[in-house]
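Numbering-wise, the sequence shown is residues 4 to 75 according to this note's numbering. Everything below concerns the one structure shown next.
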Amino acid sequence: MGAVKKQTNAPGKEKQLEYFKGVWSELKKVHWPDRKQLLTYTGVVLIAVAFVAVLLWIVDSGFSIFVTKILG
């Protein structure tokens, strides 16, 4: 019978390790916002979402009134 070779790392494990090393390397390059920037950006997003929600509500109400008048 032939001798069985014992592998220390499976080929898939080496690829995963290399992938996560690359991910970690890229994460170190990211410019993370400080607390003030984060709060500012969050406020901008919340205001924009509220604006779009109100705009959609107005358009929906207008269509509802229009359809109600047409259908009686």
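Built from N, CA and C at the ideal position, the CB exists for glycine as well.
Close Cβ partners of residue i (< 8 angstroms) along its chain, the five nearest in sequence each way excluded
{"i": "TYR44", "result": "PRO36"}
Residue i to residue j span [Cα, whole Å]
{"i": "TYR22", "j": "LEU30", "result": "12 angstroms"}
{"i": "VAL33", "j": "VAL62", "result": "40 angstroms"}
{"i": "ILE73", "j": "VAL48", "result": "37 angstroms"}
{"i": "GLY65", "j": "VAL52", "result": "20 angstroms"}
N- and C-terminal bounds of the alpha helix (DSSP H) containing residue i
{"i": "TRP60", "result": "38-74"}
{"i": "TRP27", "result": "14-32"}
Contacting residues, own chain, Cβ-Cβ under 6 angstroms from residue i (five flanking each side not counted)
{"i": "PHE54", "result": "none"}
Residues of its chain near residue i, where Cβ-Cβ distance is below 7 angstroms and the 5 sequence neighbours each way are ignored
{"i": "ILE50", "result": "none"}
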